[in-house]
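Peer 1:
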Amino acid sequence: RLRRPWLKHKCDFTMVASDVVPPETKRRKADEMGVGSSCIPAEMEALWPAYEEKMKAEGLHEAAIAAFKYNYGVLLSGESTLIPESAIGSVESVPSLESMSIAPDPSLLKTTVMLKLNGGLGTGMGLDKAKSLLTVTNDNSFLDLIAKQVESMQKEHKTDLAFMLMNSFATSADTLEALSKYKHLATGADLEFVQNKAPKVTAEGFAPATWEADRSHEWCPPGHGDLYPAMLGSGTLDKLLSKGFKYMFVSNSDNLGATMDLKLLTYFAQSKAPFMMEVATRTDADKKGGHLAKDGATGGLLLRESAQCPEEDEKAFQDTGKYKFFNTNNLWVDLVALKACFKANDGSVPLPVMKNAKTVDPRDKASTKVLQLETAMGAAIQCFDGATALVIPRSRFAPVKTTNDLFALRSDAYTLTKDFRITLAEARKDMPPDVKLDGMYKFTDAMEKLIPNGPPSLIDCKQIVVEGDMSFAKDVIIKGSVTFKNSGASKEVPSGTYEDKTVDL
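According to my numbering, the stretch in the sequence shown is residues 34 to 538, in order.
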């Protein structure tokens with residue numbers, strides 16, 4: 034049974050198990066249940082065929098089409114895609130991994146697949162390739178470290194740990210080339226499947242967006258909630274199940290703390306939960322990320338992203354005292370339960386939909402206004418009865434979203450372990466340093482010029498703020514909260530220790 038608290042009317046008839054249910058079948062079921070065919074909006078009847086034709090012409094599989102059809106139906110229903118304060122409550126406590134005594138069961142590795150989301154280009158950091166190809170530490174990229182983590186685990190437990198990637202069309206070729214030197218990894222369809230794309234929707238009239246100057250602008254990424262239909266449509270889910278796999282651990286490729294943890298795997302298997310989210314305690318640095326909440330109507334767990342928060346509730350959203358836990362995007366999924374979810378819901382996982390307002394050509398603000406319909410994979414926590422969350426140590430969350438993160442990750446605030454994990458140094462006590470670089474260092478090439486000798490020591494740093502054009506000399510040590518300012522030509526921050534002060538160069 035699935036919960037859809039954001040929809041007032043359920044017209045999906047969960048007893049129908051076919052992958053895509055035609056309208057006439059829904060009408061018949063509606064008539065049998067005495068609800069009439071008014072559940073199927075006239076707008077869907079008029080507008081959907083154009084989308085279906087467009088997606089089939091593009092070669093998208095039925096699972097991708099079913100997922101978009103569900104999202105599009107939510108849009109046409111007129112229901113709000115926002116989650117207001119009045120609809121949710123806070124989660125006061127969540128079980129903690131560190132407080133548990135669990136005997137790890139290595140035999141579970143044989144039925145578990147480790148999957149990394151690797152579809153993102155590092156465009157926000159000035160890159161034109163997969164962000165996972167970015168050098169992190171000791172001349173290792175994200176992909177290098179992930180491959181070495183897998184090899185370390187295989188050797189330690191003497192088992193072929195299954196590893197896969199969900200790439201995008203933009204990252205697939207570069208990624209496969211970079212990993213070709215690692216002979217312990219699988220190849221081809223056993224190593225990767227490719228995420229889908231979704232049509233952009235015109236903001237006025239909801240017809241498919243068109244842009245003859247560049248047809249590629251008519252499509253957009255559907256968000257990482259696409260993991261589920263991409264697994265189904267590519268045949269990956271059925272292939273894994275046929276080989277006897279039962280559990281999946283999925284995380285972002287830019288989170289090097291998210292390794293296969295036997296204690297976690299054993300806990301998940303013993304819990305018999307269909308879905309588990311790893312959460313961490315929120316700090317001010319995490320207040321804008323999606324948080325765990327309790328559904329006011331059902332009492333079940335849900336994920337609220339910032340895009341789902343009404344403007345008037347933003348202060349409450351960022352209240353780390355009220356909403357104490359954030360989603361790390363490290364998820365554990367029972368593959369049998371996932372397959373059952375698809376069968377019960379017309380070939381889709383009914384994730385809450387987020388509307389992202391854009392222009393069809395992102396660089397042309399005068400071009401047609403469109404909506405991009407997106408979903409988050411963590412939101413599946415509200416789709417499964419019995420879904421759970423678990424508080425994990427901060428060491429399992431070390432993502433790189435900006436150059437601020439990369440600056441910190443390259444410093445001594447983090448350490449590289451023997452099994453190629455990057456974790457916060459013990460002295461940090463699970464608290465990362467707060468790095469705020471001037472906007473001029475948004476791109477990685479500019480950040481490299483800021484730290485030609487490597488980043489300063491941040492082991493005892495609470496916050497570092499950099500404002501203006503400068504570079505750091507060798508052997509700079511930051512303690513407490515320090516701000517560096519420069520309003521003129523580039524200056525060098527001299528070697529030495531700086532503690533709880535503002536330095537005007």
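We put the beta carbon where it would ideally sit given N, CA and C, even for glycine.
Please read all numbers here as calculations on a predicted model, not as lab measurements.
Assign Val234 to buried or exposed, taking buried as 16 or more other Cβ atoms, counted over all protein chains shown, within 10 Å of its Cβ.
Peer 2: Buried is the call here.
Peer 1: Would you mind reading off the limits of the alpha helix (DSSP H) that contains Cys483?
Peer 2: Cys is not the amino acid found at residue 483; the sequence shown has Leu there. Here the alpha helix (DSSP H) through Leu483 covers Thr477 to Leu483.
Peer 1: If we ignore side chains and look at the alpha-carbon of each, how far apart do Ala219 and Leu273 end up?
Peer 2: Between Ala219 and Leu273, the C-alpha separation is close to 14 Å.
Peer 1: Using the three-state DSSP reduction, which class does Gly106 fall into: helix, strand or coil?
Peer 2: Three-state result, Gly106: helix.
Peer 1: Nearest to Gly256 by CA position, among Ala340, Leu335 and Leu176, is which residue?
Peer 2: Gly256 has its Cα closest to that of Ala340, out of Ala340, Leu335 and Leu176.
Peer 1: Which ranges would you report for the beta strand (DSSP E) in the region 279 to 331 if only whole runs of at least 3 residues count?
Peer 2: Listed in chain order, the complete beta strand (DSSP E) runs (minimum 3 residues) inside the region 279 to 331 are 280 to 285, 308 to 314 and 324 to 328.
Peer 1: What residues match up with Met387 in a beta bridge as DSSP calls it?
Peer 2: Note: Met387 sits in a beta bridge opposite Glu407.
Peer 1: Would Leu491 and Ser504 be called neighbours here (beta carbons separated by less than 7 Å)?
Peer 2: It is not a contact, given that the beta carbons lie outside the stated cut-off.
Peer 1: Are the beta-carbon atoms belonging to Gly152 and Asn200 less than 7 Å from one another?
Peer 2: Yes.
Peer 1: Taking a contact to mean a Cβ-Cβ separation below 7 Å, would you say Ala302 touches Leu141 in this structure?
Peer 2: It is a contact, given that the beta carbons lie within the stated cut-off.
Peer 1: How far does the beta strand (DSSP E) with Lys534 in it extend, from its first residue to its last?
Peer 2: It spans Gly529 to Asp537 - the beta strand (DSSP E) in which Lys534 sits, taken as one unbroken run.
Peer 1: Which residue wins for smallest C-alpha separation from Lys462, given the options Glu112, Ile510 and Pro426?
Peer 2: Of the candidates Glu112, Ile510 and Pro426, the one whose C-alpha sits nearest the C-alpha of Lys462 is Pro426.
Peer 1: Taking the alpha carbon of Ala458 as the point to measure from, which residue in Lys475, Met473 and Arg429 has its own alpha carbon closest?
Peer 2: Nearest option by C-alpha distance: Arg429.
Peer 1: Let me know the alpha helix (DSSP H) ranges lying completely inside the region 98 to 157, each 4 residues or longer, listed in chain order.
Peer 2: List check, alpha helix (DSSP H) in window: nothing returned.
Peer 1: Mind listing, in chain order, the continuous beta strand (DSSP E) runs of no fewer than 3 residues lying wholly within the region 165 to 220?
Peer 2: Counting whole runs of 3 or more residues, the region 165 to 220 contains the beta strand (DSSP E) stretches 168 to 170 and 195 to 200.
Peer 1: Please go through the same chain and pick out, in chain order, the residues whose beta-carbon is closer than 7 Å to the beta-carbon of Asp445, but skip the five residues on each side of it.
Peer 2: Once the five neighbours on either side are set aside, the close Cβ partners of Asp445 are Ala458, Ser490, Leu491 and Ile492.
Peer 1: Please determine if the region 244 to 261 and the region 396 to 412 are in contact, where contact requires at least 3 C-beta pairs separated by less than 8 Å.
Peer 2: In short, these stretches touch, since the Cβ pair count reaches three.
Peer 1: Rounded to a whole number of angstroms, what is the C-alpha to C-alpha distance between Arg443 and Asn378?
Peer 2: Approximately 45 Å between the Cα atoms of the pair.
Peer 1: Looking at C-alpha atoms only, which residue of Lys191, Phe196, Leu198 and Ala203 is the closest neighbour of Asp161?
Peer 2: Among Lys191, Phe196, Leu198 and Ala203, the Cα nearest to that of Asp161 is on Ala203.
Peer 1: Using the beta-carbon count (16 or more within 10 Å), is Asn486 buried or exposed?
Peer 2: Asn486 should be labelled exposed.
Peer 1: At what residues does the beta strand (DSSP E) containing Asp367 begin and finish?
Peer 2: Where Asp367 is concerned, the enclosing beta strand (DSSP E) stretches over Phe358 to Asp367.
Peer 1: Would a C-beta distance cut-off of 7 Å place Ala97 and Pro262 closer than the cut-off?
Peer 2: The answer is yes: Cβ separation under 7 Å.
Peer 1: To which residues of the same chain is Tyr300 closer than 6 Å at the C-beta, ignoring the five residues directly before and after it?
Peer 2: Once the five neighbours on either side are set aside, the close Cβ partners of Tyr300 are Ile135.
Peer 1: Among residues of its own chain, excluding the 5 on either side of Glu532, which ones have a beta-carbon nearer than 6 Å to its beta-carbon?
Peer 2: Result list for Glu532: Lys512 and Gly513, in chain order.
Peer 1: Please name the residue in Val526, Gly411 and Val386 whose C-alpha comes closest to that of Leu335.
Peer 2: Among Val526, Gly411 and Val386, the Cα nearest to that of Leu335 belongs to Gly411.
Peer 1: With a threshold of 8 Å, are at least 3 pairs of Cβ atoms found where one atom belongs to the region 355 to 367 and the other to the region 282 to 294?
Peer 2: A contact exists between the region 355 to 367 and the region 282 to 294.
Peer 1: Determine the direct distance from the alpha carbon of His324 to that of Cys342, and round the result to whole angstroms.
Peer 2: The alpha-carbon atoms of Cys342 and His324 are separated by roughly 11 Å.
Peer 1: Can you have a look at Val536 and say buried or exposed, based on whether 16 or more other CB atoms are within 10 angstroms of its CB?
Peer 2: Exposed, since its Cβ has fewer than 16 Cβ neighbours within 10 Å.
Peer 1: Roughly how many angstroms separate the alpha carbons of Asp395 and Leu406, rounded to a whole number?
Peer 2: In the sequence under discussion, the amino acid at residue 395 is Pro, which differs from the Asp named in the question. Their Cα atoms are separated by approximately 15 Å.
Peer 1: I believe Ala318 touches Asp467 by the beta-carbon criterion, under 8 Å. Please report the beta-carbon distance rounded to the nearest angstrom.
Peer 2: Right, the Cβ-Cβ distance comes to about 6 Å (below 8 Å), so this counts as a contact.
Peer 1: For Phe505, does the three-state DSSP call read helix, strand or coil?
Peer 2: Three-state DSSP puts Phe505 in a strand.
Peer 1: Tell me the DSSP secondary structure of Thr269 in three-state form.
Peer 2: Helix at Thr269.
Peer 1: Starting from Thr436, trace the alpha helix (DSSP H) in both directions and tell me its first and last residue.
Peer 2: Run containing Thr436: Thr436 to Leu442, per the alpha helix (DSSP H) assignment.
Peer 1: Suppose contacts are defined by Cβ-Cβ distances below 7 Å. Is Lys469 in contact with Val515 by that definition?
Peer 2: The answer is no: Cβ separation not under 7 Å.
Peer 1: With distances taken from CA atoms, which of Met480, Lys451, Val433 and Cys494 is nearest Ala460?
Peer 2: Selected option, being the one with the closest Cα: Cys494.
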